[in-house]
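To start, the structure under review is shown below, and the notes come after it.
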């Protein structure tokens with residue numbers, strides 16, 4: 007998809023179009039598109055691209071239009087494979103990024119995530135299906151860039167050639183590019199065209215030709231195996247959020263699928279309900295490896311209860327602390343023990359109000375591993391508003407202290423057998439951390455403590471803990487992962 011998008015950009019274009027979705031404005035109650043609400047983010051790129059393409063020959067423009075349709079096919083395949091329990095073919099064919107007088111748009115930005123929702127319902131008893139699908143960040147960005155830059159350029163190039171642009175090009179996501187003789191001017195994709203594209207994409211990616219219906223069956227079966235809590239209601243009395251996304255009743259989901267083969271109020275749903283749909287999509291994306299798994303997703307994938315996950319993260323954080331101590335404190339060689347003992351006296355990792363910032367890089371890395379383990383913040387996560395708890399900071403200081411003791415005494419602690427030492431350190435350090443937080447609240451309104459939490463979040467967001475350089479961490483993951 008990225009290559010297909012890049013191929014449409016003129017070779018002489020300076021720079022590459024990019025957008026930060028989290029900085030775009032979208033009033034969910036408005037009928038006009040995200041692109042129309044943020045003209046300053048898209049129009050400059052549209053003008054630059056069109057300015058470099060308008061002088062191309064007829065043959066070159068026809069080739070460009072064919073490549074445009076190829077990009078749209080890639081986008082459809084990516085949406086179908088990564089959004090969760092995908093929409094039906096006729097629903098995807100009718101997805102709109104802009105509104106018509108009698109049909110509101112389906113493309114929105116909700117809490118910094120591109121979502122597609124509220125398609126036509128399969129049921130005659132209702133007009134709209136109350137469902138939505140969240141797109142992975144990279145796909146969401148490229149879809150908006152296609153609709154906000156490439157699509158308007160395509161319309162301008164068509165008009166420039168004295169031909170009528172597709173009458174759905176300003177509203178629908180999936181429309182045919184202009185034909186050689188000005189054809190396709192009235193065509194939006196239909197259900198059969200959607201299925202043909204999906205068969206082609208799934209054959210190239212999975213080795214299987216799957217229509218939208220067959221793909222829904224397959225994805226539902228995978229949900230049942232790995233994300234069962236999202237699709238199965240244990241009471242069988244209410245419909246799970248995943249089945250709502252697929253527009254199934256719980257009975258239909260249980261009987262037929264995957265067994266053997268401004269505020270959300272503007273869109274008729276609460277923000278909490280919308281976030282539940284987003285989490286279904288993001289859980290699926292984490293399972294595919296498209297987005298990093300947050301703690302909730304790690305528990306699902308590793309089939310681990312919360313307390314067990316915390317215990318696993320504690321051991322991972324010990325490995326991270328050891329690696330960070332060696333790297334950041336440059337410990338190695340004959341003077342390692344002496345250096346470690348000196349660091350235990352200086353305690354650069356210990357948060358102090360009088361210091362410019364609380365803690366150091368080793369502390370940040372260790373806290374990040376304690377919170378996020380083998381994963382990273384999920385797409386919907388944000389930095390902790392009030393900072394990290396004193397208990398977690400204390401746990402990190404304890405682990406770093408143990409790591410330096412190991413170097414200083416040439417031993418390696420077994421965390422399960424060093425409980426007494428850990429408890430003694432915790433009793434000593436926790437009151438200190440509580441005092442640091444209280445002093446910071448009095449002196450700085452807690453701003454330093456909040457800044458430490460933000461640094462931990464940034465660290466986790468930027469670097470997966472498995473990339474820290476510790477082969478031990480990778481080995482731990484391979485040994486303990488069950489999926």
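In the working numbering, the protein residues as written are 7 to 489. Beta carbons are placed, not taken as given, at the ideal position from N, Cα and C, and that holds for glycine.
Cβ-heavy atom distance, residue i to the ligand NAP, below 8 Å
i	result
residue 155	Of ligands this structure carries none, so the ligand NAP is not represented either.
For residue i, the nearest candidate out of the options (CA to CA)
i	options	result
residue 467	317, 395, 371, 414	371
residue 379	46, 335, 319, 413	319
residue 80	447, 19, 205	205
residue 373	143, 356, 362, 360	356
residue 211	84, 418, 365, 431	84
residue 65	167, 35, 139	167
residue 229	214, 286, 208	286
residue 465	377, 453, 234, 415	377
residue 400	415, 226, 428	428
residue 462	394, 426, 59, 425	394
residue 47	62, 339, 58, 28	28
residue 222	61, 335, 94, 172	94
Within 9 Å, strictly: CB atoms of residue i and residue j
i	j	result
residue 150	residue 25	yes
residue 148	residue 332	no
residue 495	residue 327	There is no way to answer for residue 495, as the model of the chain reaches only from 7 to 489.
residue 101	residue 179	yes
residue 163	residue 56	yes
residue 108	residue 218	no
residue 160	residue 122	no
residue 96	residue 202	no
residue 2	residue 113	There is simply no residue 2 to check, as the chain begins at 7 and stops at 489 in what is shown.
residue 70	residue 30	no
residue 290	residue 364	no
residue 42	residue 116	no
residue 51	residue 16	no
residue 183	residue 78	yes
residue 369	residue 411	no
residue 297	residue 158	no
residue 402	residue 367	no
residue 343	residue 415	yes
Local Cβ density within 10 Å of residue i, reported as buried at 16 or more and exposed below that
i	result
residue 397	exposed
residue 441	exposed
residue 435	buried
residue 75	buried
residue 146	buried
residue 449	exposed
residue 352	exposed
residue 478	With a pLDDT of 43 at residue 478, under the threshold of 50, the modelled position of this residue cannot be trusted; read the value that follows with caution. When all chains shown are included, residue 478 counts as exposed.
residue 37	exposed
residue 111	buried
residue 413	buried
residue 418	exposed
residue 106	exposed
Residue i in three-state terms, based on DSSP
i	result
residue 86	helix
residue 102	strand
residue 17	coil
residue 91	coil
residue 179	coil
residue 119	strand
residue 364	coil
residue 113	strand
residue 139	strand
residue 260	Here residue 260 scores only 39 on pLDDT, less than 50, and its place in the model should not be relied on; the value that follows carries that caveat. Three-state result, residue 260: helix.
residue 375	helix
residue 194	strand
Quiz prompt | Inside the stretch 318–353 only - alpha helix (DSSP H) runs reaching at least 4 residues | solution = 342–352
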